[in-house]
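Shown next, in structure tokens, is the structure this report addresses.
Protein chains: 2
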Amino acid sequence: MDMSLRIIGRVESSVKSRADAPKMEDEGAPQAVVRIDPAYREALLGMEPGKEAVLLTWLHQSDRSYLQVHPRGDKTREKRGVFATRSPDRPNPIGLHRVRLLAVDDGPEPSITVDRLEALDGTPVIDIKAIGRTYRSDEER
Amino acid sequence: MDMSLRIIGRVESSVKSRADAPKMEDEGAPQAVVRIDPAYREALLGMEPGKEAVLLTWLHQSDRSYLQVHPRGDKTREKRGVFATRSPDRPNPIGLHRVRLLAVDDGPEPSITVDRLEALDGTPVIDIKAIGRTYRSDEER
Numbered sequence: 001m002d003m004s005l006r007i008i009g010r011v012e013s014s015v016k017s018r019a020d021a022p023k024m025e026d027e028g029a030p031q032a033v034v035r036i037d038p039a040y041r042e043a044l045l046g047m048e049p050g051k052e053a054v055l056l057t058w059l060h061q062s063d064r065s066y067l068q069v070h071p072r073g074d075k076t077r078e079k080r081g082v083f084a085t086r087s088p089d090r091p092n093p094i095g096l097h098r099v100r101l102l103a104v105d106d107g108p109e110p111s112i113t114v115d116r117l118e119a120l121d122g123t124p125v126i127d128i129k130a131i132g133r134t135y136r137s138d139e140e141r
Numbered sequence: 001m002d003m004s005l006r007i008i009g010r011v012e013s014s015v016k017s018r019a020d021a022p023k024m025e026d027e028g029a030p031q032a033v034v035r036i037d038p039a040y041r042e043a044l045l046g047m048e049p050g051k052e053a054v055l056l057t058w059l060h061q062s063d064r065s066y067l068q069v070h071p072r073g074d075k076t077r078e079k080r081g082v083f084a085t086r087s088p089d090r091p092n093p094i095g096l097h098r099v100r101l102l103a104v105d106d107g108p109e110p111s112i113t114v115d116r117l118e119a120l121d122g123t124p125v126i127d128i129k130a131i132g133r134t135y136r137s138d139e140e141r
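Shown next as structure tokens:
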């Protein structure tokens, strides 16, 4: 079974290092652009500004060997298993980012612009998913 | 950059084939068990029954070559890009499943039991994440 991820795009962001990165997207993450690999251009059909989506990224600066961490890096707090946290250090460092689409360009240099993204400049993007029912806020159901 | 996913567990479910699988988790997905690879046992520390989590799975029966699909397999609907859908057929067939933990066993044969899961028996599990702020319902914020 081939479980190698394919990079479908890359984050372009003002967040340049892990020290700068907000820990949660409501702590000041900036607007960002995802440059989509033209090979995946057709997969953007039907994406529209204003809609919400979940971006999946590969947190390439993470350490995959960690099984336990201090929550939010705070050493005064007891260690927890990484599966009980959102730490980027974990066996498969996949980032989940709920975003709103501000622009979608499916031309020859495809890209999407999103309202806020807590991912470093250069982070590989591995998937974009329409918001499923369970992720919608109550008024959308 | 090593972007090969590691299997951290496997789904044990009564859903045995893709034809049986509900398309959305509110369409009758059953309770399921995830058998965790003992190598990742320590990563369960702090997970507790009652809490919500997001499971990430590798949808191993998917076709990674699809860029466009008929929404929900309905051929009367116009094709859309896979990134505008939740189709399992996509370049990186990662499933996102919001679940509630019913039981957590971090003993020598570790497992978690979840309330409902629209994934086939045998599906590889690649990550478990605590629910982040953006996925909580309003009353929890």
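Sequence lines, in order, name chains A and B.
Mapping of the first sequence onto the UniProt record's numbering: position 22 corresponds to residue 22, and the numbering continues sequentially without gaps.
Mapping of the second sequence onto the UniProt record's numbering: position 19 corresponds to residue 19, and the numbering continues sequentially without gaps.
By construction, the Cβ of each residue, glycine as well, lies at the ideal position given by its N, Cα and C atoms.
{"Query": "Closest to H97(A) by C-alpha separation, out of L45(A), G107(A), P124(A), G81(A), would be which residue?", "Result": "P124(A)"}
{"Query": "Taking CB distances under 7 Å as the criterion, tell me whether S17(B) reaches chain A.", "Result": "no"}
{"Query": "Across which residues does DSSP place T113(A) in a beta bridge pair?", "Result": "V33(A), A103(A)"}
{"Query": "When you compare each of S4(A), A29(A), S65(A), K16(A) to R116(A) by their alpha carbons, which one comes out closest?", "Result": "A29(A)"}
{"Query": "For R77(B), collect the residues of the same chain with a Cβ closer than 7 Å to its Cβ; drop the 5 residues on either side in sequence, then sort them by chain order.", "Result": "H70, P71"}
{"Query": "Closer than 9 Å by beta-carbon distance: list the chain B residues that pair up with H60(A), in chain order.", "Result": "M1, M3"}
{"Query": "Kindly indicate if chain A contains any beta-carbon less than 7 Å away from that of D20(B).", "Result": "no"}
{"Query": "Any heavy atom of the ligand SAH closer than 6 Å to the beta-carbon of A29(B)?", "Result": "Annotation note on the ligand SAH: not contained in the displayed structure, which lists no ligands."}
{"Query": "Ordered along the chain, which non-local residues of its own chain (more than five positions away) have a Cβ less than 7 Å from that of D105(A)?", "Result": "S111"}
{"Query": "For S17(B), which residues in the same chain have their Cβ closer than 8 Å to its Cβ, ignoring the five residues on either side in sequence?", "Result": "L120"}
{"Query": "Would you grab the beta carbon distance between I8(B) and P91(A) for me? Rounded to a whole angstrom, and I think it's under 8 Å.", "Result": "6 Å"}
{"Query": "Look at the Cβ atom of G46(A), then the Cβ atom of L44(B), and state whether they are nearer than 7 Å.", "Result": "no"}
{"Query": "CB-CB under 6 Å to T113(A), same chain, minus the five flanking residues each way: which ones, in chain order?", "Result": "V33, L102, A103"}
{"Query": "G81(B) versus chain A: which residues are under 7 Å apart at the beta carbon?", "Result": "E42, A43, L44, L45, G46, M47"}
{"Query": "Is there at least one Cβ from chain B nearer than 7 Å to Q68(A)'s Cβ?", "Result": "yes"}
{"Query": "Using a beta-carbon distance below 7 Å, is P108(A) in contact with chain B?", "Result": "no"}
{"Query": "Less than 8 Å between C-beta atoms, sequence neighbours within five positions excluded: which residues of the same chain meet that for E109(A)?", "Result": "R35, P38"}
{"Query": "How many Å lie between P93(B) and G73(B) at the Cα?", "Result": "16 Å"}
{"Query": "Report the residue from G107(B), I131(B), V11(B) whose alpha carbon sits nearest the alpha carbon of W58(B).", "Result": "V11(B)"}
{"Query": "Could you give the C-beta distance for E52(B) and V99(B), rounded to a whole number, given that I count them as a contact under 8 Å?", "Result": "7 Å"}
{"Query": "Along the chain, where does the beta strand (DSSP E) containing G50(B) start, and where does it finish?", "Result": "Looking at the DSSP string, G50(B) is not in any beta strand (DSSP E), and its letter there is neither H nor E."}
{"Query": "Should R86(B) go down as buried or exposed, given a rule of 16 or more other Cβ atoms within 10 Å for buried?", "Result": "buried"}
{"Query": "Start and end of the beta strand (DSSP E) containing I7(A)?", "Result": "Premise fails: I7(A) is in no beta strand (DSSP E) and is neither H nor E."}
{"Query": "Which first and last residues belong to the beta strand (DSSP E) in which D127(B) is found?", "Result": "124-130"}
{"Query": "Taking DSSP as the reference, what is the three-state secondary structure of L56(B)?", "Result": "strand"}
{"Query": "Against A119(B), what residues of chain A qualify as contacts under a CB-to-CB distance less than 9 Å, listed in chain order?", "Result": "In chain order: nothing, as chain A lies at least about 14 Å away."}
{"Query": "Examine chain A for any beta-carbon lying closer than 7 Å to the beta-carbon of T76(B), and answer yes or no.", "Result": "no"}
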